[in-house]
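Colleague: Have a look at this one before I ask anything.
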Amino acid sequence: YPSAEGLHVGNLFAFTGNDIYGRFQRLKGHNVFEPLGYDAFGIHSENYALKVGVHPMDLIPRNIDNFRRQLERAGLMVDWRYTLSTTEPNYYKWTQWLFLKLFEQGLAYKKQAAVNWCPKDKTVLANEQVVGGHCERCGTPVEQRLLEQWFFRISNYAPRLLDNLDHIDWSETTKTAQRNWIGRSEGAQIAFATHTVEGTETEIPVFTTRADTIYGATYMVLAPEHPLVKSLTKPEQQKKVEAYREKTKKQDIITRKTSTEKTGVFTGSYAINPATGKEIPVWVSDYVLMEYGTGAIMGVPGHDERDFEFATKFKLPIVRVVCGEREDANTPLHEPFVACESGTLVNSDAFDGYRVEPAKKAIVDFLAKGGSAKPIVHYRLHDWCISRQRYWGPPIPIIYCESCGTVPVPEKDLPVVLPFIEDFRPDDSGVSPLARHEEFYLVECPKCGKPGRRETDVSDNFLDNSWYFLRYPSVGRDDVPFDKAVTKKWLPVTSYIGGNEHAVLHLLYSRFITMVLHDAKILDFEEPFAKFRAHGHIIREGAKMSKTQGNIVNPDQYIEEWGADAFRTYLMFLGPYEQGGDFRDRSISGTRRFLDRLFASVQSMSADGGSDHTVMQKLHQTIRKVSEDIPRLSYNTAIAAMMEYINVLRKGERTPHRDEVLPLIPLVAPFAPHIAEELWEQTGGTGSVFDSAWPSFDPALAVEDTIELVVQVNGKVRSRITVPRDIAEDAAVVTALADPTVARFVAGAPKKIIFVPERLLNIVA
RNA sequence: GCCGAAGUGGCGGAAUUGGUAGACGCGCUGGACUUAGGAUCCAGUGGAGCAAUCCGUGGGGGUUCGAGUCCCCCCUUUGGCACCA
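What follows is the structure, given as structure tokens:
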């Protein structure tokens, strides 16, 4: 996202890590395609445009120019012929096409729903964009609002999105985040019979993961928005219930989600506990969420903290149905007993004595016979709300016609171009600013030709970036979103390094979209990124970088002062790449010195091919180390190894030989491409160093023939002896005991000898 | 509350499977060169001790010939999710 502030050092950290990997693969002889593009079709850009009073159509190209300038200085191996911008009609034409594909598959649908509404940005947000009850973008507390919205049925794909995680090569942290977000829970749906105030028989379905505790269900709770609330409320309770529903509706998400004090009201109705056959009261409370499960629960106060709290407050009966090892059926419950591994059922008729886990299945089976229960797997993942009541985004390609209904814009009419309008500021109406422009929305129905009305909402920015990897190799093609043959050659993405902040947004949506296209037989793979690694984040002096703290690092000044190569190398050296690290101005001098010493070594090296044996050994060890470290993103240790080698090379003002120096040039090239190219040319290389070859190492040379064997006595290091690498245990013991220090600690015959070849000898005395 | 990551010198960090703790870099100390040094080069740099040696990876236990690494308990920091039934 090309922000107005320009490139952040964090962006550069991410891009450089990718670049090193790409340059390394190219040196290894692979054909590498490394693209980069701009994704500014969303709220963030629009808000900034509003703030500075510049139209986004003017602002975004300006930001992009600045970004491009900064990116080019960073020395990335990006193929700029294949860049893209999600704000361009030739790109978003295909974003709209994507919407149509989902619509065709029945995966895009419109419904009225309580959605997350940001009162400041005046738009709907996806669940993934609500962070701790606040708008991800501006931090304003999010409200609930009832609106007609377009959704994608990502929930249909929940099982696949989850199961595939087991066999894709991704960072565990990212996989865990997705698993938690998808939130599979295995349980049962159980129906509680009841009747409406008019006397009609009906039932309240609940979802539970603790069917084993059903004998302890002493009441039920419906979410305030639950559709059954109305018909179950007795006339004498009506006023109270209505008032309660009003009150909870007005509360914003924050107070609702963070207040621990339970509130609620009785409907006056009762339902039958299908296990006990007893009548239990039906309550309404906002601690039950309409969005999860069935929007209704069975209250088991003995074995659930929230239920316990609620029952205590409203004096509802609390029954023990599970006990631990030192308890029995009559042990009083002063707090809910929630541990279940060790629990045994009590007060549960035929199921008394069952362990918790088997009881779950047995009780569901038992209730299933009466038709009131079935095992069910529930996912936390909600459908993806993609409507945005804003201006800056791709218009959703739909036309409403009085006779034909909801009609998709025909593919030949794409793109639906976002018009330039002056008054793009959103308002409270719940509709997009585009709805103020007849010239945009008054259109003919593509089916029957009668007057129709265009959809005026635009789509979520995350839809734009859910498919860009598919577009990159096909940039320039106007007739297709992506060319078949080109896609086959380059995709899925071989290696992707990104931030974990996208774990449940971009990275989940991209997987979903890819699966949908696979199912529509448009793609022959269903996972977009074969390998994904989450990089760490850079902090500064122990604190997160932020504008308000004023500790943002602008890469420009550092590149100016130290050069792009030293800066890149420093960023990769400051910590383990997958963990990030602490940015300290002063430390950049270290990597700069390293590169200077490398440069000086080339200038001063002796022209003859002679070389020192121990230096050559070190060289081959270094080549091996760097070759092994780069693929596992251990950039910091790869750099350290090269520094170490330079130190050996120049130890005591030694003049290095040509053969000792030259292999360093391609070795350092992924990190410091500019210097590497320069040195490559100076030393007679032709073309680019990146078209040369990655140096190979001689395994025989990479090992030393004599080693330092550590000698321990009783596990404590007492000496180090220099011995042949392949020394036998007996010989090692003899040599070790000849050492005066060792001899001093060994009185008499050794009790035991532990010999680890090439490493150590431990004498237990 | 739940899920995850992490605690190592003055600082950033090394230490593939349990096997020399502190690689590499910053900083610091001393020296060389120099009119000068915030340049460059050389040497040193975990703590205590004259030394032999002892102590050292958040704390406490344990397993082992041997633990930064494995097991149990606890503390701290940090990221994410959060009334998810």
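At position 645 of the first sequence (counting the first as 1) the number is 646 in this note's numbering, and the numbers step up by one without a gap. Think of the CB as a built atom: it goes at the ideal place given N, C-alpha and C, for glycine as much as any other residue.
1) In angstroms, rounded to a whole number, what distance separates the CA positions of Tyr-442 and Ser-373?
2) For Glu-149, report the span of its beta strand (DSSP E) as first-last.
3) Going by Cα to Cα distance, which pick from Tyr-510, Arg-381, Pro-447, Leu-85 is closest to Gly-477?
4) Kindly list the residues whose CB is nearer than 8 angstroms to the CB of Pro-411, restricted to its own chain and excluding five residues on each side of it in sequence; keep chain order.
5) I need the straight-line Cα distance from Pro-632 to Asn-117, nearest angstrom please.
6) For Ser-388, list the residues DSSP reports as bridge partners.
7) Based on the DSSP secondary-structure assignment, which residues constitute the bridge partners of Asn-117?
8) Residues in its own chain within less than 6 angstroms of Pro-376 by CB, not counting five upstream and five downstream?
9) Helix, strand or coil: which one does DSSP assign to Met-546?
10) Going by C-alpha distance, which of Asn-32, Glu-35, Gly-43, Ile-191 is nearest Asp-458?
11) Taking the DSSP output, what are the residues bridged to His-536?
12) Going by CA-CA distance only, name the one from Ile-21, Leu-290, Gly-371 that's closest to Gln-145.
13) When DSSP labels each residue in this structure, what does Ala-272 get in the three-state scheme?
14) Just to confirm, are Gln-390 and Val-444 a CB contact at a threshold of 8 angstroms?
15) At a cut of 8 angstroms, does the stretch 67-81 reach the stretch 397-404 through at least three beta carbon pairs?
16) By Cβ distance, which residues of its chain are closer than 7 angstroms to Ala-360, with the 5 residues on each side in sequence left out?
17) If you reduce the DSSP assignment to three classes, tell me which class Asn-552 lands in.
18) Identify, in the order they occur along the chain, each residue of the same chain with its Cβ nearer than 7 angstroms to the Cβ of Arg-598, setting aside the five sequence neighbours on each side.
19) Is Glu-579 helix, strand or coil by DSSP?
20) Of the residues Gln-97, Ala-5, Met-617, His-56, which one's Cα is nearest the Cα of Glu-423?
21) I want to know whether the stretch 491-511 touches the stretch 454-470 - three or more CB-CB distances under 8 angstroms.
22) Looking only at its own chain, which residues have a Cβ that is under 6 angstroms from the Cβ of Leu-575, when we skip the five neighbours before and after it?
23) Go ahead and label Ser-46 buried or exposed: buried means 16 or more other beta carbons lie within 10 angstroms of its beta carbon, across all protein chains shown.
24) Return the residue from the list Gly-23, Lys-231, Asn-165 that minimises the CA-CA distance to Gly-76.
25) Cβ atoms of Leu-620 and Pro-657: under 8 angstroms apart, would you say?
26) Report all residues from its chain with a CB closer than 8 angstroms to the CB of Val-743; omit the five preceding and five following residues, and keep chain order.
27) In the DSSP assignment, find the alpha helix (DSSP H) that holds Ala-641 and state where it starts and stops.
28) Would a C-beta distance cut-off of 8 angstroms place Ile-624 and Pro-696 closer than the cut-off?
29) With a floor of 4 residues, list each alpha helix (DSSP H) that falls wholly inside the stretch 184-244, ordered by position along the chain.
30) Could you give the C-beta distance for Phe-152 and Pro-275, rounded to a whole number, given that I count them as a contact under 8 angstroms?
31) On a Cα-Cα basis, can you pick out the residue from Trp-182, Gly-537, Ala-670 that is closest to Pro-160?
32) Could you spell out the range, first to last residue, of the beta strand (DSSP E) harbouring Trp-695?
33) Taking Phe-14 and His-335 to be in contact with their CB atoms under 8 angstroms, please state how far apart those CB atoms are, rounded to whole angstroms.
34) Using DSSP bridges, identify the partner residues of His-614.
35) Would you check if there are 3 or more beta carbon pairs closer than 8 angstroms linking the stretch 102-114 to the stretch 515-529?
36) So, using beta-carbon positions, are Lys-176 and Leu-162 closer together than 8 angstroms?
Modeller: Taking the structure as given:
1) 50 angstroms
2) 144-153
3) Ranking the options by Cα distance to Gly-477, first place goes to Leu-85.
4) Pro-447
5) 42 angstroms
6) Ser-460
7) Leu-126, Gln-145
8) Ala-189, Val-365
9) coil
10) Gly-43
11) Within the DSSP secondary-structure output, His-536 pairs in no beta bridge.
12) Leu-290
13) Three-state result, Ala-272: strand.
14) no
15) No: the two stretches stay apart, fewer than three of their Cβ pairs being nearer than 8 angstroms.
16) Asp-213, Leu-346, Phe-352
17) Coil.
18) Ile-647, Arg-651
19) coil
20) His-56
21) Segments in contact, yes.
22) Gly-582
23) buried
24) Residue Gly-23 is the option with its Cα nearest to Gly-76.
25) no
26) Val-712, Val-714, Arg-719, Ser-720, Ala-737, Ile-764
27) 636-650
28) yes
29) 230-233, all fully within the stretch 184-244.
30) About 33 angstroms separates the two Cβ atoms, so there is no contact after all.
31) Comparing C-alpha distances from Pro-160 to each of Trp-182, Gly-537, Ala-670 shows the shortest one belongs to Trp-182.
32) No beta strand (DSSP E) contains Trp-695, which DSSP labels as neither H nor E.
33) The Cβ separation is near 52 angstroms, so there is no contact.
34) Bridge partners of His-614: none, in fact.
35) yes
36) Judged by beta-carbon spacing, Leu-162 lies beyond the 8 angstroms limit of Lys-176, meaning their Cβ atoms are not closer than that value.
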